[in-house]
Structure formats: C-alpha cells, structure tokens
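The structure appears below as structure tokens.
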Amino acid sequence: MALPIGPILGILGDNLKQRGSVLPLTRAAATRWSKGLDLPRGGETILYTGHMYQLIPAIDAMASQMALLENSRITKLLGMGRLVNKVINLSFFMSLMASKELKQRNDEALRNIVRLLQAAGVDFGYLYGDEMYSGALVYDEGMDDVFGAHARRVAARFKKHGVKKVITVDPHTTNMLREIYPKFVKDFDVEVQSYLEVVAENSPEVLQPQDQTVAFHDSCVYARYESILAPPRELLAKAGVSVAEPELSGTNTHCCGGPIEALFPSEAHRISKERVAQLEKAGKQIVTMCPICWVNLRKAATEGTTVQDISQLFSAAFVKSSQSCT
Amino acid sequence: MATVSSELAAKVKRCEEFNAEACYHCGVCTAVCPLGYGIMPRKLFRQVMLGLKDKVEEQVPAIYSCLLCRMCESNCPAEVRISENVRALRTLVNNKEL
C-alpha cells in the first residue's frame, strides 16, 4: 500500500508553520556542533547551516519508519496522526530515534567546514539558536503559502542581525537562498555563496596532500540548479586527490534518490542502489557534497565501499592536523 | 471517456511557472529519468494542457514521486522547465485546485 501523500506533507507543513521546521529540532540539537569553536555571534557575514546536516538523522529515522509503513494498513492512521501532531509534536520522537553515530558524523562535517573556512582566512559569524531551517522541503513539495511565510521569517531574522552575506553548507539551502527567496521575499538582497565557492576563491594552502583517488558524486542541485561544478574539483586537484568520474557526472549526474525517501521509500532505495553501482565502477571511495546524498549513498553502499562528505577530505588536506578531525 | 475541465486548462495557462507548450514529445525526458516512468513528464503535461482532469488525478503519485533532479530538463531540446512544471502541479494539488 502506497504511503498517503496528503497527511505526510500536511504534518511537515504544519510543523514548519507551528514549530519553525519540518522535523523540529531542539535548539541544543541544532547548535551542538558549534560547541567549543567560539564562533562570533552574528555579523555581516555568517555561516548558515539551514539545519540540513542536523536534520538528516531525524529525516533518516523518519524514512526508516516510512519504509516499514509502506506496505502496512497502519498508513490509514496517518490522517489521524496529522491531527494529533498539531497538538503534540509527534515528529519530535523521530529525533529521539535518530542514530547517535549519524548525529556525530554530521556534526563533525559542520565542524570540518568551519575549520576549512578558517584555514582559508574567511571571517564569519553564526546565529546560534536564532538560525532557522530554510524551508527547502516544503518548497519542493509545492506548499508555497507555508514556504513564503517561513522564508519571510528567515529573512527578517537576517535583517535583525544585519546579515549581508551568507555562506551555505549544502546545495538545497544554497539554491533556496540564492534563487527562491528573492521570488518570495521583497527586496531580499543577501549575498549567498556555498562554502565550496568561498574556499575555492580564497585558495588555502595545502598542508597534508591527500594522495588518493575518489569516485565523485555531483549533487543534482549543485550541478544542474547552481552550476557549481568547478570549485570542488579545483580544490580536490589542489589537495592532491584524483577524481574518478562515474559514467553519469557533472551536469548529467544521477540523483541519489533522497528527495522522495519520505513518500516513496522503496523507489528511493532502488535509485540510490543504482547510483552506488555506477559510482562503485569508478571507485570504492565515494565523495559527496550534500548531506542527503551522503546518507542515502552510504546506506546503499556495498561492503568495502566508503562514502565520505567532501568536507572531511578537505579538512584533512587544508587544516592543521591538530585541528582536523576525520 | 475522458472528462475535460476547461477550468483546469485555463488555470494552468494562467500559471506563470507552467511552460509545456514547447514540448514536441521527443521522449528524451522519459529516456533519461532515473524513475523510468513512461508517463513522466510529456504525457502528463499534455493531459494537463488539455484539461483531462481525471487522467491528471490518476497521476498524482507520479507528480509527487518526481525527484526534481532536472536530469530531464537539462537534456530537453525544447527547454521546457519540467521540474518547475511538476512543482507547479504539486501546488495546484496541495491547494485542491486540481
């Protein structure tokens, strides 16, 4: 039995409207990664995580539950679940079910990005508990009213802190802020750059060359929405890493299946397996640039294959070994 | 027999995001789609433009299963904004306008 689309999207939309995120995170869970980094609060240039890396463990837990429900009669109760969720935050339990190991990995990816930007000599602040989710998922699902209202709240938060430039850490948030917010928020004039673009522009010194070859997975959004193809490749080359391109790469990259995992888990899994097979032909060390691709391809990888976030590799190459964490 | 909704056809015509008129059914979108659906997206768009409401309603799961990965779009010789069209249809479904 297919999962009921209306109630699931309804829960995600209600959460964004009532609780500020599709799967509400506690303030502690959203900011835990920044502990000990002493990032300045706010500033004209900020690192904006958009909560994507922090949300992935809860999204992954939800997707696992959805996969169990996909062929179950319980799906009929999801409509009732939406009504209950309006009063009791049911989706909060997803974060409790989330993998601790996944939380640690994703937190570490954000710390690696911070260290990398610092190694490149970039000054930036962070909004801590004032940072909000970008709303990417509800936009993709066509819930424009809910998305528009949320985008205006996020933009007001930037304005309150005097933010003029935002450095993003994932493709979906980059696309939302760069291309979509200006359509929904009047006079949205915040400059938006991915950390990959910022680091490539600032060209940090290589401290520990990484003599290895990786199978490179382009994110669909970076490749086909934002045309971010050269910066990660330039940085990999500089770091001494050889890139093995899979058959489908660059602007013809193949999706990881992640965008439909909540509604069509079996289909998403089939697509991620297909993509992993393509990548494994190029090499057993796969590198990704998006937290959604990262989690999906890792789950589909066969024994002996590693899937790492590109920030881990860059951190090893460009950050002093006492600071870098892999 | 198919039911034609002139209201749906008119609504889509007014929708700025929806641009499928240039599609000439070459089938590249279907050939490159990771989902491999025969229906997506050329037949779906034609059904929408003709206002074939019943047929479009049958395609609601397909509308939501699109990955929005733009593989089809970046290979479309007619430069149809396929992903944005699908997203526009989702908005119509969510607003119960379909």
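If you read the sequences in order, they're chains D and H.
In case it helps, my numbering puts the first sequence at residues 1 to 326.
In case it helps, my numbering puts the second sequence at residues 327 to 424.
Every residue gets a Cβ at the ideal spot worked out from N, C-alpha and C, and that includes glycine.
For clarity, every value in this text was computed on a predicted model and none was experimentally measured.
Check	Outcome
Answer yes or no: does any C-beta atom of chain D fall closer than 8 Å to that of residue 355 of chain H?	no
What span of residues does the alpha helix (DSSP H) with residue 8 of chain D cover, start to end?	5–19
By how many angstroms is the C-alpha of residue 132 of chain D removed from the C-alpha of residue 90 of chain D?	20 Å
Taking 8 Å as the CB-CB cut-off, is residue 47 of chain D touching chain H?	no
Check whether the Cβ of residue 251 of chain D lies closer than 8 Å to any Cβ atom in chain H.	yes
Whole-angstrom Cβ separation of residue 375 of chain H and residue 330 of chain H, contact assumed at under 8 Å?	Contact flag wrong, Cβ pair sits at about 11 Å.
Quick check on the DSSP output: what are the complete alpha helix (DSSP H) runs of length 4 or more inside the segment 181–240 of chain D, in order along the chain?	181–184, 195–202 and 230–238
With 16 other CB atoms within 10 Å as the buried threshold, where does residue 209 of chain D fall?	exposed
Contact defined as beta carbons within less than 8 Å: I believe residue 268 of chain D pairs with residue 8 of chain D. What is the distance between those atoms, to the nearest angstrom?	With a Cβ gap of about 14 Å, residue 268 of chain D and residue 8 of chain D do not count as contacting.
My output table needs one value for residue 31 of chain D: the three-state DSSP class, helix, strand or coil.	helix
Measuring CA to CA, which of D:166, D:321, D:295 and D:238 is closest to residue 402 of chain D?	In the structure as shown, chain D begins at 1 and stops at 326. Residue 402 of chain D is therefore absent and cannot be evaluated.
Check the DSSP bridge columns for residue 165 of chain D and list the partner residues they point to.	D:45 and D:191
If you run the structure through DSSP and keep just helix, strand and coil, what is residue 242 of chain D?	strand
If we count the other Cβ atoms within 10 Å of its Cβ and call it buried at 16 or more, is residue 28 of chain D buried or exposed?	exposed
Is there a C-beta anywhere in chain D that falls below 8 Å from the one on residue 397 of chain H?	yes
Where do the ends of the alpha helix (DSSP H) carrying residue 417 of chain H lie?	408–420
Go through its chain and collect everything with a Cβ distance to residue 147 of chain D's Cβ below 6 Å, but skip five positions before and after it.	135, 138 and 139
Does DSSP classify residue 135 of chain D as helix, strand or coil?	coil
List the residues of chain H whose Cβ lies closer than 8 Å to the Cβ of residue 176 of chain D, in chain order.	Here the premise fails: no neighbours, minimum Cβ distance about 13 Å.
Determine whether the beta carbon atoms of residue 389 of chain H and residue 398 of chain H lie at a separation below 8 Å.	no
Looking at the secondary structure, which residues open and close the alpha helix (DSSP H) in which residue 288 of chain D lies?	No alpha helix (DSSP H) contains residue 288 of chain D, which is instead part of the beta strand (DSSP E) from 285–288.
Give the straight-line distance between the Cα atoms of residue 92 of chain D and residue 54 of chain D, rounded to the nearest whole angstrom.	13 Å
I need the DSSP call for residue 376 of chain H, collapsed to helix, strand or coil.	helix
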